[in-house]
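Number of protein chains: 2
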Amino acid sequence: MTQQQQTRMTKQRMVILEELRNVHSHPTADEVYGMVRQRLPRISLGTVYRNLDLLAESGDILKLESAGSQKRFDGNVTPHQHVRCTQCGRVGDVMEPVRLPDITGARAPGFIILSGRIEFEGVCEACASKN
Amino acid sequence: MTQQQQTRMTKQRMVILEELRNVHSHPTADEVYGMVRQRLPRISLGTVYRNLDLLAESGDILKLESAGSQKRFDGNVTPHQHVRCTQCGRVGDVMEPVRLPDITGARAPGFIILSGRIEFEGVCEACASKN
DNA sequence: TCATAAACAGTAACCATTACCAATAAACAA
DNA sequence: TTGTTTATTGGTAATGGTTACTGTTTATGA
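Residue numbers (the numbering used here), protein chains in the order written: chain A, 114 to 244; chain B, 114 to 244.
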């Protein structure tokens, strides 16, 4: 008898999703907040966080996690790979993707391996010129 | 004339390194703190953080920054791959490693790609049995 | 139009990490 | 061994990103 919880398409949620889809920069929650505030000046940061989580859970956006630093979000949910700048944390899209080899041979004692993914590291242009 | 900064092998730094090498669990800073405190009860958490950073910078340990809210540390610096439990964040070592394909073809506009790495996700036994 | 409860704005709390500073102790020279 | 220098420490406060709380608003279906 568990009542299916409804989700409502609020103006806030819609604008967050739109802004995220209009951009290729993999913004942090705070950056999304800044973007969205231009259209909804009274939105609160908590609302941004809540909706980013909900949108990621429903599969409408991607949540890019890296331990200890800020999470980043991606409105492009088609499969692609990312580079992370080791200096500033900025994230970019990898164009010609590298094919992930067969991982069925991978074993880890005490773990059941479910998936694998290639992560790239590098330096973004801004940090490179700053060097 | 910049004076080369010396680094001193303190008791605290040595015990942190030893404990980390004695263990295969990829502990968080807080877990390292707990381990080390059994031998040095008066050590402070700040000292643990500071030394973990210094040891990682000198290449004596690894700092694992892959997803989760806390960073984890590894006393085994020989090249190997990791799995992360998506439920609890625990990290394990992958035995037969999957060879990373040639990544020289990978392009990312605005980035200089320097390295690539395969990251595994899965479930640890504790979480699997809890399911 | 009304009733319901999901979602909101605003703010406080939380937690991992970093910064600060007076006191301590490695390391090296005398 | 003793003294001097200064990197490092313990203790604690501050920071920054994220989450939780609460009374009010508003999307949604009757």
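Even glycine gets a Cβ: it sits at the ideal position worked out from N, Cα and C.
Taken in chain order, the whole alpha helix (DSSP H) runs of length 4 or more contained in the segment 143–185 of chain B are 158–170. Taking 9 angstroms as the cut-off, the Cβ atoms of A:Ile174 and B:Ile231 do not count as close.
Under the DSSP assignment, B:Leu227 falls outside any alpha helix (DSSP H), being part of the beta strand (DSSP E) whose first and last residues are Phe224 to Cys237.
Minimum Cα-Cα distance from B:Glu209 among the listed residues B:Cys201, B:Pro154 and B:His195 corresponds to B:His195. Ranked by Cα distance from A:Arg197, the first of B:Val128, B:Ala239 and B:Pro222 is B:Pro222. In the structure shown, A:Gln200 adopts coil according to DSSP, grouped into three states. In the structure shown, A:Gln194 falls within a strand segment according to DSSP collapsed to helix, strand and coil. Between B:Met127 and B:Val136, the gap from beta carbon to beta carbon reaches 9 angstroms or more. According to the DSSP assignment, B:Met127 belongs to the alpha helix (DSSP H) that extends over Lys124 to Arg134. When C-alpha distances from B:Phe233 are compared across A:Leu167, A:Val236 and A:Leu213, the shortest belongs to A:Leu213. Of A:Glu170, A:Lys243 and A:Ser228, the smallest CA-CA separation from A:Cys201 is found for A:Lys243. Against chain A, the CB of B:Gln183 has a partner CB under 9 angstroms away; the residue lies at that interface.
B:Thr141 is a Cβ neighbour of B:Phe186, given a cutoff of 9 angstroms. Residue-level contact check: B:Thr191 does not touch chain A, since none of the beta carbons of chain A fall below 9 angstroms from its beta carbon. Put simply, of B:Gln183, B:Ala219, B:Tyr146 and B:Val204 the residue whose alpha carbon is nearest the alpha carbon of B:Val161 is B:Tyr146.
Between A:Cys240 and the set B:Ile225, B:Gly229 and B:Ala239, the nearest pair of CA atoms involves B:Ile225.
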